[in-house]
Structure formats: structure tokens, C-alpha cells
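Quick note: the sequence shown uses the working numbering, first residue 3, plus one each step. Below is one structure; the comments refer to it alone.
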Amino acid sequence: MGKKQHAPSAYRKIIKESKSGKADLKTLIAEARNLSDPYYVSLALFGISNDGRLGRKMANQLKTESLNLVQKEQRPWRMAELIVSICKISK
Numbered sequence: 003m004g005k006k007q008h009a010p011s012a013y014r015k016i017i018k019e020s021k022s023g024k025a026d027l028k029t030l031i032a033e034a035r036n037l038s039d040p041y042y043v044s045l046a047l048f049g050i051s052n053d054g055r056l057g058r059k060m061a062n063q064l065k066t067e068s069l070n071l072v073q074k075e076q077r078p079w080r081m082a083e084l085i086v087s088i089c090k091i092s093k
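Rendered as C-alpha cells:
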């Protein structure tokens, strides 16, 4: 049985790898989508969407997917926090 993933740590790892430019983008996107918490899935996808290696169409698709995930957050304060975080990483 595998160890349960810590979503915040996994999110930070994904973003770090995306910024390094060395990791495969398809792998990072798949890892982001597999995070256990929609909050961190949304942040990771939005962060990856800023990667310069992505085409504009794919970047926009990831941003749209990320913003759609905001609605899955049930706690209003956390939803607001997520929106603010996305705004901060937005270009």
C-alpha cells in the first residue's frame, strides 16, 4: 500500500519542476490532476499554464480548467483564498 500524498507538498513540487523547465509538461499536468485536493489541483494547473513551453491554446485550457475547479471548493473562505492566490500568480 502506498503512502498518502500530501497535496500542498506535491503542488509545490509540481510548480518547482514546471519553473525549472526540465520536467515533461504532460507528466506535470497529469500529476496536478491527480492531486487529492481540488484547491491544489486548481493552483497547480494555473501555475503550469504560465509555463512558456505551452502553446496559447493549451495554456488557456488549463486556466479554464483551473477556474472551473474553484467552484468545487465548498468552504467560502477557502474559495476566496484560492481566487486571491490565482490572481497573484496570474500574468
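For every residue, glycine included, the Cβ atom is placed at its ideal position computed from N, Cα and C.
Unbroken alpha helix (DSSP H) run spanning residue i, endpoints
i: A46; result: 40-51
i: S32; result: It should be noted that the sequence gives Ala, not Ser, for residue 32. That run of the alpha helix (DSSP H) goes 27-35.
Rounded straight-line distance, which links the Cα of residue j to that of residue i
i: Q76; j: A34; result: 20 Å
i: R55; j: I31; result: 13 Å
i: L37; j: R58; result: 24 Å
i: Q71; j: S92; result: For clarity, residue 71 is Leu in the given sequence; the question names Gln instead. Distance between the alpha carbons of L71 and S92: 16 Å.
i: S87; j: S44; result: 10 Å
i: S20; j: K74; result: 24 Å
i: P10; j: E83; result: 14 Å
i: H8; j: I16; result: 12 Å
Residue i (DSSP reduced to helix, strand or coil)
i: Q63; result: helix
i: S11; result: helix
i: E19; result: helix
i: K90; result: helix
i: E75; result: coil
i: M3; result: Residue placement at M3 is flagged as unreliable, the pLDDT there being 42, under the threshold of 50; a coordinate-derived value is accordingly withheld.
i: L56; result: coil
Selection from the options that minimises the alpha carbon distance to residue i
i: K18; options: D53, L64, P40; result: D53
i: N62; options: K74, V72, L47; result: L47
i: G23; options: S51, I88, M81, K65; result: S51
i: W79; options: Y41, Q7, L27; result: Y41
i: L27; options: G49, L69, T66, I85; result: G49
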